[in-house]
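**Student:** Let me give you the structure first, and then I'll get to my questions.
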Amino acid sequence: MRSLLLLLPILAALASAQEAPTASLRLLALGELPPFRQEIRDGVRRELDPPEGSVPPRTLEAGLPAAAEKDAKTPAFRLQLGMLGLPAKVFPAGGKVKLRDPEQGDWAEIPCPAGAKTLAVLWRSGDSWKKPEVLALSDLPADHDPRVFRFVNVSPQAVGLVFGEKRLQLAAGKTLSLTLPDGAKAASVSVLFAGPGGALKPCFSGMAEPRKGSATQYFIHRADGESPRRPVNVTPVSGALVTP
263 MRSLLLLLPI
273 LAALASAQEA
283 PTASLRLLAL
293 GELPPFRQEI
303 RDGVRRELDP
313 PEGSVPPRTL
323 EAGLPAAAEK
333 DAKTPAFRLQ
343 LGMLGLPAKV
353 FPAGGKVKLR
363 DPEQGDWAEI
373 PCPAGAKTLA
383 VLWRSGDSWK
393 KPEVLALSDL
403 PADHDPRVFR
413 FVNVSPQAVG
423 LVFGEKRLQL
433 AAGKTLSLTL
443 PDGAKAASVS
453 VLFAGPGGAL
463 KPCFSGMAEP
473 RKGSATQYFI
483 HRADGESPRR
493 PVNVTPVSGA
503 LVTP
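My numbering puts the first residue of the sequence shown at 263, with every later residue one more than the last.
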């Protein structure tokens, strides 16, 4: 009996190690590429690397706790501006996942509860991607209704939305889901920002059209670069719903 009691803490620790909490995480980086640069060296035209901090890392890794499964691989992500990445299984610690740049070290910390499916929206802080801003959203489920369109505003200002006959305002840092009216096959979409004097000016126009097995989201973000023509840009993202 005494031996059994001594074994109980060990067995509990082993069970805990085998039950490392997992979650699903995918990433979306928003912004624009810096201007193309090149030089002529020895008569050969060569593309120059972008300035440091002007683009996000191409690859990222998530932490792998000691309690993860023996055959678990380090979660890896590929980042491309404006492209919705594939979901990966991650191992949250304290409700968060740390992302690491293999070349530069720790890069971002993502709120990601165990068992959740999270979409992390990333954009540069100030003029640099070295430590990005993050908004964690619930990833759209596999049974998402394609007639429902999500709008996400990570810009620093409120914007106006036109969705079919609806006229709405979306505050900074907020999200909004809008559904096509019954019988409608599509709806016109416009995003407007406040220009000098408060006059609303369009920064995006398009059509919201549902596609079976796919979801469309509109991400409103600050325009990058020096003296952009407008303060905000819109990145529409459509893609198949994926269950990791």
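Don't be surprised by glycine CBs; every beta carbon is placed ideally from N, CA and C.
Based on Cα-Cα distance, which residue from 451, 500, 459, 436 lies nearest to residue 468?
**Tutor:** For residue 468, the nearest C-alpha among the options comes from 451.
**Student:** Which residue or residues does DSSP assign as beta-bridge partners of residue 307?
**Tutor:** Its beta-bridge partners are 302.
**Student:** Out of curiosity, what's the CA-to-CA distance linking residue 437 and residue 348?
**Tutor:** When rounded, the distance between both Cα atoms is 21 Å.
**Student:** What is the residue span of the beta strand (DSSP E) that residue 445 lies within?
**Tutor:** No beta strand (DSSP E) holds residue 445; DSSP gives it neither H nor E.
**Student:** Answer yes if the stretch 440 to 449 comes into contact with the stretch 484 to 501, meaning at least three C-beta pairs across the two stretches below 8 Å, and no otherwise.
**Tutor:** Contact between the stretch 484 to 501 and the stretch 440 to 449 is absent, because fewer than three Cβ pairs lie under 8 Å.
**Student:** For the candidate residues 474, 455, 289, whose alpha-carbon lies nearest to that of residue 321?
**Tutor:** Comparing Cα positions, the closest option is 289.
**Student:** Among 303, 472, 381, 293, which residue has its Cα nearest to the Cα of residue 485?
**Tutor:** Out of 303, 472, 381, 293, 293 has the C-alpha closest to the C-alpha of residue 485.
**Student:** Please report the distance separating the alpha-carbon of residue 466 from that of residue 377.
**Tutor:** In a straight line, the C-alpha of residue 466 is about 36 Å away from that of residue 377.
**Student:** Taking the alpha-carbon positions, what's the residue 361 to residue 455 distance?
**Tutor:** So the two alpha carbons sit approximately 33 Å from each other.
**Student:** By the 10 Å Cβ neighbour count, where 16 or more other Cβ atoms means buried, how is residue 429 classified, buried or exposed?
**Tutor:** By the neighbour-count rule (16 or more Cβ atoms within 10 Å), residue 429 is not buried but exposed.
**Student:** Which word fits residue 370, buried or exposed, when buried means at least 16 other C-beta atoms lie within 10 angstroms of its C-beta?
**Tutor:** Counting Cβ neighbours within 10 Å, residue 370 comes out buried, since at least 16 surround it.
**Student:** List the endpoints of the continuous beta strand (DSSP E) containing residue 481.
**Tutor:** First-last of the beta strand (DSSP E) with residue 481: 476 to 484.
**Student:** Looking only at DSSP bridge pairs, what is residue 345 linked to?
**Tutor:** The partner list for residue 345 (beta bridge, DSSP) is empty, contrary to what the question assumes.
**Student:** Among residues of its own chain, excluding the 5 on either side of residue 439, which ones have a beta-carbon nearer than 8 Å to its beta-carbon?
**Tutor:** Correct list, in chain order: 410, 411, 412, 413.
**Student:** Check whether the Cβ atoms of residue 423 and residue 396 sit closer than 9 Å, and answer yes or no.
**Tutor:** No; because the gap between Cβ atoms is not below 9 Å, this pair is not in contact.
**Student:** Could you give the uninterrupted runs of the beta strand (DSSP E) lying entirely in the stretch 347 to 422, keeping only those of 3 residues or more?
**Tutor:** Runs found: 350 to 352, 358 to 363, 367 to 373, 379 to 387, 390 to 400, 410 to 415.
**Student:** I need the boundaries of the beta strand (DSSP E) containing residue 429, first residue and last residue.
**Tutor:** Residue 429 -> beta strand (DSSP E) spans 428 to 432.
**Student:** If you reduce the DSSP assignment to three classes, tell me which class residue 464 lands in.
**Tutor:** Here residue 464 sits in strand by DSSP.
**Student:** I need the straight-line Cα distance from residue 313 to residue 442, nearest angstrom please.
**Tutor:** Using only the alpha carbons, I get a separation of about 43 Å.
**Student:** Considering only residues of the same chain and omitting the five flanking positions on each side of residue 399, which have a CB-CB separation below 6 Å?
**Tutor:** These residues qualify, in order along the chain: 381.
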